[in-house]
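Reviewing the structure listed below.
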Amino acid sequence: MPKFRRSQNRTKVIPLPLSIGGWCLVNPGGDPFGDAVRAPTLTDGLRACRDAGITHVSFHDRDLYPDDAPQEIIDEKVDQVLRLLEDSGLKVLCFTTNLFSNPCFRSGAFSSPIPAVRQAAIVKGCRSVHAAKRLGALNIIFWGGREGTEVFEQDSGEGVRNYLLGARAVIVYAIAQGYQGTFTFEPKVYEPRFHSFAATGAAMGSGIREFFPETELAARVKINPEYPQHVAMLGLNPAIELGQLLEEDLLGPCIHFGGQPPCRMDADFAPGLGGSPTDDFHVCKLLHDATYRGFVEFDCRPLRTSASEHAIRLFARQCVAYWRQLEQKVVTFRRDPIIRALQAEIFGEPIAQLEDVLTVTMPNAAADSNVVIDAVNRLPIRTFAETAAIDTDAIEAFGYRVQQIVCGTHREGATMFCGTRWAAAQAKTADAPVESEAEEASN
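Have a look at this one:
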């Protein structure tokens, strides 16, 4: 059962804290077909983030030090980053072990069929724990970029098992070392492997329930999805997966966010480019309806066409501005009288007998068989013809109104509802600024 409380009826929104991947800040703009076009520094990137309103940053181990670096080099590099963070005022949100770049992981990392490779992955993951602790990272991410196959050289179930047991070994080690943060898996439908293990939020959630059944681990091992990229790549809608993760209490302390054309390879565009603003709105709305208090972490990069020193500053501003615009649209949605009228009609009045049936058949309800049968028998009798006659026109009208809010045409768009049964709700909606956390908390 979900641990959040829904707040659709509240008219204010607490802006979510923002983070960004350090790898995004130093991305040189190269791709498989072309060389680097820019040489951004982490110092400039952190400054751009601070100025834009981003408060946290995340790193891979390989962003800071070579894979085979001795401990003294690791300590030196971590010290350098800590000084940069102190100067910029940013803090570390997540740390992750890069188990996809080194050629030794070409057959997989935790999931490789080769025992020596799996061993190397566990060793590398455990080494990263110490850097994560020193940096004060709040979360450790496992992204299984190489966890998969092209030719099914091993049983796919065993591959998933090895993947999650390898990560579990690192997690248990981190806890033994006194790490106090959380752990998340970041699923991706494919790429760089052609077939990826535990590739969706639902598949990964199933794996977490199976391989982390202990209460302590279940409370600390979650999922950090990347929306819309890692879902839209397959043509799926991120709001569907996000709703399930929230409902099952599987969403971790952050989501990754960017822009993505549907049914394409991972683009990692800046938010608002290539994707659906309506889908992005529903992601934002779901988080706020659930009173989510985690981070939105931008995992994207400037386009290759941006080669000057201004690229990262403009990019950071776009990331923040787009998300804050989505939050403003959630406020507009909640205050809109037409939306309220449509929702009232769609949801109707609760049916007490239906609620009774759902209550006695809930997980762990342990209701007596006779109680269940009696509850079902008390359901009001209605023919299917009567049910089919229920007016559902408000559903499509709801979609139209959401589109107007997302496009910013809700004021003039209200006239579209003239002459309908929702005409009484045509009062113009006034845009209101997103309230600060202090102002919202005082209400």
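Residue numbers (our numbering): 1 to 443. For each residue, glycine too, the CB sits at the ideal point set by N, CA and C.
Open item on the list: I need the DSSP call for Ser58, collapsed to helix, strand or coil.
Closed with: strand
Margin query: Using C-beta distances below 6 Å, list every residue in its chain close to Val402, excluding the 5 sequence neighbours before and after it, in chain order.
Written below: none
- prompt: Any beta-carbon of chain D closer than 7 Å to the one on Gly45?
  reply: Considering every chain present, this structure includes no chain D. It has just one protein chain.
* To the nearest angstrom, how far is it from the Cα of Ala375 to the Cα of Val357? -> 5 Å
- Message: Measuring straight from C-alpha to C-alpha, what distance separates Gly29 and His310?
- Response: 14 Å
Is it buried or exposed for Pro268, if we count other Cβ within 10 angstroms and need 16 for buried?
Rather than Pro, the amino acid found at residue 268 in this sequence is Asp. Classification of Asp268: buried, given that the 10 Å Cβ count is 16 or more.
- Task: Going by DSSP, name the residue or residues bridged to Thr149.
- Result: His195
Alpha carbon to alpha carbon, how far is Ser107 from Asn194? Give it in angstroms, no decimals. Looking at the sequence itself, residue 194 is Phe, so the reference to Asn does not match. Those two C-alpha atoms are separated by around 12 Å.
Nearest to Val360 (by Cα), restricted to the options Asp61, Val371 and Thr392 | Val371
inquiry  = According to DSSP, is Arg106 part of a helix, a strand, or is it coil?
reply    = strand
- Spell out the partners DSSP gives Glu216 in its beta bridges. Under DSSP, Glu216 takes part in no beta bridge, so it has no partner.
* Can you give me the Cβ contacts of Met1 inside the same chain, cut-off strictly under 6 Å, excluding the 5 residues immediately before and after it? => The predicted model places Met1 with a pLDDT of 47, which falls under 50 and marks its position as unreliable; any figure quoted below should be read in that light. Spatial neighbours of Met1 in its own chain (CB-CB distance under 6 Å, excluding positions within 5 residues in sequence) are not present.
By how many angstroms is the C-alpha of Gly145 removed from the C-alpha of Leu84? 29 Å
According to DSSP, residues forming a beta bridge with Lys91: His56
Exercise for review: Leaving out five residues on either side along the sequence, give the residues of the same chain with a beta carbon under 6 Å from the beta carbon of Leu16.
Suggested key: Val296
Practice task
Grab me the residues of Phe384's own chain with a C-beta within less than 7 Å of its C-beta, minus the 5 sequence neighbours each way, in chain order.
Solution key: none
Reference Pro350, options Ile255, Asp61, Arg209 and Pro380, closest by Cα:
For Pro350, the nearest C-alpha among the options comes from Pro380.
Taking its Cβ as the centre, do 16 or more other Cβ atoms sit within 10 Å of Asn27, making it buried, or is it exposed? buried
### Exposed unless 16 or more other CB atoms sit within 10 angstroms - verdict on Ala423
exposed
**Asked** Name the DSSP bridge partner or partners of Asn162?
**Response** Note: Asn162 sits in no beta bridge, so no partner.
* Asked: Is Lys77 helix, strand or coil when you go by DSSP?
  -> helix
* Out of Gly22, Phe110, Trp143 and Ala36, which has the shortest C-alpha to C-alpha gap to Lys91? -> Of Gly22, Phe110, Trp143 and Ala36, the smallest CA-CA separation from Lys91 is found for Gly22.
**Prompt:** With distances taken from CA atoms, which of Gln244, Cys126, Tyr173 and Arg220 is nearest Leu445?
**Reply:** Residue 445 cannot be examined here, being either before or after the span of the chain that is shown, 1 to 443.
- Enclosing beta strand (DSSP E) for Asn139 [first to last residue]: Asn139 to Trp143
Is Glu327 closer than 7 Å to Val13 when the C-beta atoms are compared?
Cβ distance < 7 Å, so Val13 and Glu327 count as in contact.
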